[in-house]
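Have a look at the structure below, then the notes.
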């Protein structure tokens with residue numbers, strides 16, 4: 023209450039100073055922006071609401087969180103709001119993807135026409151209309167300042183549109199281009215862009231299963247200012263696409279996923295020519311071997327490395343990584359489903375990667391529990407995923423010694439019992455996110471210890487913990503008042519009584535998953551839907567994956 027009073031006084035003083043200064047400028051005959059002049063006039067008349075009386079910058083900041091439809095509605099409230107919603111800074115970014123289900127072709131044309139003088143950021147993701155962007159006249163005349171353009175999943179944007187884009191003024195200033203999912207485009211369309219987008223920094227072509235080397239070769243070869251390239255879900259790319267890749271001091275992020283043709287040769291080429299690499303994503307590229315990690319170890323700026331599902335990676339590769347210059351800055355390492363990794367990989371990580379904050383070892387089944395205990399000594403570890411690993415009570419208890427740990431994912435760790443979770447909770451009181459899904463031995467007693475020891479919990483996943491009852495929700499709602507997300511799917515013993523506990527105690531709850539909960543009635547779920555943004559509810563039988 024006192025805070026709101028002081029804030030009101032502060033805003034009143036700020037506003038009075040702002041208006042008096044503007045009046046002085048007018049009296050002196052000095053130049054004042056038209057927006058400020060109109061806004062000043064608006065304050066003397068109809069503007070009596072709280073937003074209209076705020077300083078202009080603050081009021082505009084509030085309106086910046088609205089989409090274009092809501093802005094249009096706000097402009098009809100009063101004259102003051104109409105002036106505020108016409109401020110140019112609100113219209114230099116246009117995200118039509120947010121409102122695509124409410125958008126017509128005519129409305130899209132009007133919006134683009136309204137924003138054309140100052141539009142910098144344009145997101146057309148998923149739109150199927152033949153909108154103005156496909157017409158060369160509008161591109162060349164009206165969108166000369168465009169820097170960000172997303173045409174992802176715009177299935178009506180064809181090679182002809184690419185030709186218009188390449189010939190337009192906006193192509194010269196374009197820094198971000200997303201063509202994900204545009205399967206109707208051909209290599210000829212992509213070739214139109216080569217050499218025309220001189221300022222292109224971010225190039226994204228995800229979810230493009232027909233993408234071949236011919237599509238992107240020319241762009242990679244000629245656009246030397248690229249800093250970010252992403253080809254997720256493009257299985258047909260080969261080493262040939264990167265063979266003529268030029269030396270680049272700008273490229274820092276490379277993403278390739280789901281590709282069985284890219285080999286160590288590509289990684290050798292990139293690590294040698296691109297000295298500023300910081301983020302490397304190579305998930306499910308199964309031809310990559312330990313040699314790949316030897317090359318990446320030489321990247322002195324490497325911060326994030328994702329090698330998930332690269333099944334040929336072994337302990338030798340992790341040892342090479344730990345011996346390279348990349349250890350100084352490496353903060354995130356994802357080795358999920360690297361099934362050949364063993365105990366020595368964890369030893370190398372704990373000894374060499376002292377600055378590692380995020381580590382994913384999920385489903386590395388050959389790593390023993392005794393070695394996982396070493397992770398409790400990791401000095402910088404914030405987030406750890408050991409899902410599906412051979413971790414029991416002893417390992418979980420030791421991991422609790424990690425002083426900075428905030429996020430633990432230990433789903434499908436069947437060896438974890440109430441005792442292990444009790445010891446972990448007492449040692450790791452600052453934990454904020456815990457995933458214990460399908461830890462089938464856990465009971466209400468474990469959740470009681472977790473709740474009373476770890477009161478800062480914001481996200482808890484207990485899906486498939488079949489022994490939990492309403493008592494668990496009573497403990498959590500009683501002391502963990504910061505819970506935002508809760509998943510109790512498949513907890514068939516939980517009833518409406520437990521939901522009532524949540525409604526009374528968890529006032530910050532925004533996401534609730536209660537799938538396959540036969541004990542929870544539809545009426546109880548509907549009551550939760552009134553106060554919670556996202557509720558996933560069903561009373562179907564638990565799927566076979568729950569192994570009940």
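Numbering (this note's numbering), first residue to last: 23 to 570. Each residue gets a CB set at the ideal place from its N, CA and C atoms; glycine is no exception. A quick note: this is a predicted structure, and the numbers were derived from the prediction, not measured.
Check this for me: beta carbons of residue i and residue j, under 7 Å apart or not?
i	j	result
residue 143	residue 170	yes
residue 504	residue 473	no
residue 331	residue 306	yes
residue 325	residue 300	yes
residue 554	residue 530	no
residue 367	residue 337	yes
residue 449	residue 414	no
residue 534	residue 508	yes
residue 258	residue 234	yes
residue 239	residue 263	yes
residue 207	residue 173	no
residue 192	residue 219	no
residue 458	residue 420	no
residue 175	residue 211	no
residue 486	residue 517	no
residue 140	residue 110	yes
residue 478	residue 442	no
Spatial neighbours of residue i within its chain, please: C-beta separation below 7 Å, excluding the five flanking residues on both sides.
i	result
residue 547	536, 557, 559
residue 185	214
residue 440	464, 465, 467, 468
residue 551	557
residue 543	518
Considering Cα atoms alone, identify which of the options is closest to residue i.
i	options	result
residue 353	380, 279, 345	380
residue 323	309, 336, 348, 314	348
residue 187	202, 216, 206	216
residue 226	252, 238, 203, 245	252
residue 340	355, 350, 106	355
residue 460	438, 453, 445	438
residue 177	190, 165, 202, 193	202
residue 295	270, 375, 317	270
residue 229	204, 218, 72	204
residue 279	431, 500, 310	310
residue 500	165, 527, 510	527
residue 209	221, 190, 189, 232	232
residue 375	364, 343, 361, 390	343
Rounded to the nearest angstrom, what separates residue i and residue j at their Cα positions?
i	j	result
residue 327	residue 456	23 Å
residue 406	residue 382	6 Å
residue 195	residue 493	60 Å
residue 549	residue 138	45 Å
residue 180	residue 150	12 Å
residue 357	residue 200	28 Å
residue 392	residue 521	39 Å
residue 395	residue 488	27 Å
residue 378	residue 425	13 Å
residue 84	residue 254	36 Å
residue 452	residue 429	10 Å
residue 436	residue 427	22 Å
residue 12	residue 237	One cannot answer for residue 12 here, as it falls past the ends of the chain, which runs 23 to 570.
residue 513	residue 525	18 Å
residue 49	residue 81	Caution is warranted here: a pLDDT of 46 is assigned to residue 49, below 50, making its placement in the model unreliable, and no coordinate value can be reported.
residue 93	residue 484	40 Å
residue 274	residue 260	20 Å
residue 490	residue 566	19 Å
residue 445	residue 416	9 Å
residue 221	residue 482	44 Å
Strictly by DSSP, which residues pair up with residue i?
i	result
residue 455	429, 481
residue 254	279
residue 226	200, 252
residue 356	328, 382
residue 119	According to DSSP, which records beta bridges pairwise, residue 119 is partnered with nothing at all.
What does a CB cutoff of less than 6 Å around residue i pick up in its chain, not counting 5 residues either side in sequence?
i	result
residue 447	471, 472, 475, 476
residue 569	none
residue 302	276, 327
residue 13	Because the chain here runs from 23 to 570, residue 13 falls outside it and cannot be looked at.
residue 564	512, 538, 570
residue 308	282, 333
residue 314	286, 289
Given residue i, which residues of its chain have a CB within under 8 Å of its CB, disregarding the five upstream and five downstream residues?
i	result
residue 223	197, 198, 247, 248, 249, 250, 272
residue 359	330, 331, 333, 384, 385, 386
residue 124	91
residue 562	537, 538
residue 157	The pLDDT assigned to residue 157 is 46, lower than 50, so where the model puts this residue is not dependable; a value taken from the coordinates is nonetheless given after this. Cβ within range, chain order: 186.
residue 434	409, 410, 459, 460, 461
Between residue i and the ligand NAD, is there a pair consisting of the residue's CB and a ligand heavy atom that are separated by less than 6 Å?
i	result
residue 103	Judged by which ligands are present, the structure shown has none, so any question about the ligand NAD falls away.
I'd like to know if residue i contacts chain C, where contact means its C-beta is closer than 7 Å to some C-beta of that chain.
i	result
residue 266	Among the chains of the structure shown, chain C does not appear; only one protein chain is present.
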